[in-house]
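In my numbering, the protein residues as written are 36 to 165.
From the three backbone atoms N, C-alpha and C, an ideal C-beta is built for every residue, glycine too.
What follows is a set of notes on a single structure, which appears directly below.
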């Protein structure tokens, strides 16, 4: 039971990170402090990338919502559906991190940041089944 609680906490932390990414990509993208964080060289390029960033941000938000809904289902007694949703959402976050890293070595830090928490949540969830 404690391992499942740890998995839930780590998954919610992963969701919180993805909400923060959504905020940057979809709400504050055109602020220099935001687009510089994503290694965009100038405002003109940030403006060009804004529709793509906006869309990408919502992907992150939807993954976070999946985790939160899944944890909510677990908490209200629908454990199989809840854990399935948490696992799927976290696996999607890990897969997105792998895709990000495939874009080049300079994406390693961002991919590790994006992928470590959901990967840990999956490992804890798997350990809880032993």
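So, residue i versus residue j, is the Cβ gap smaller than 8 Å?
{"i": "residue 122", "j": "residue 160", "result": "yes"}
{"i": "residue 126", "j": "residue 149", "result": "no"}
{"i": "residue 24", "j": "residue 66", "result": "Because residue 24 is not part of the residues shown, which for the chain are 36 to 165, the question remains open."}
{"i": "residue 99", "j": "residue 53", "result": "yes"}
{"i": "residue 51", "j": "residue 156", "result": "no"}
{"i": "residue 88", "j": "residue 64", "result": "yes"}
{"i": "residue 162", "j": "residue 38", "result": "yes"}
{"i": "residue 84", "j": "residue 101", "result": "no"}
Ordered along the chain, which non-local residues of its own chain (more than five positions away) have a Cβ less than 6 Å from that of residue i?
{"i": "residue 108", "result": "116, 117"}
{"i": "residue 146", "result": "132, 135, 136"}
Using the Cα positions of residue i and residue j, report the straight-line distance between them to the nearest angstrom.
{"i": "residue 90", "j": "residue 60", "result": "8 Å"}
{"i": "residue 114", "j": "residue 134", "result": "30 Å"}
{"i": "residue 104", "j": "residue 46", "result": "11 Å"}
{"i": "residue 78", "j": "residue 72", "result": "13 Å"}
Say the cut is 7 Å; is the CB of residue i nearer than that to a heavy atom of the ligand PLP?
{"i": "residue 151", "result": "This structure simply doesn't include the ligand PLP, nor any ligand for that matter."}
Among residues of its own chain, excluding the 5 on either side of residue i, which ones have a beta-carbon nearer than 7 Å to its beta-carbon?
{"i": "residue 154", "result": "129"}
Just verifying my parser: in three-state terms, what is the DSSP assignment at residue i?
{"i": "residue 90", "result": "helix"}
{"i": "residue 85", "result": "helix"}
{"i": "residue 101", "result": "helix"}
{"i": "residue 64", "result": "coil"}
{"i": "residue 163", "result": "helix"}
{"i": "residue 117", "result": "helix"}
Are the C-beta of residue i and some C-beta of chain B separated by less than 8 Å?
{"i": "residue 127", "result": "Protein chain content of the structure displayed is limited to a single chain, and chain B is not contained in it."}
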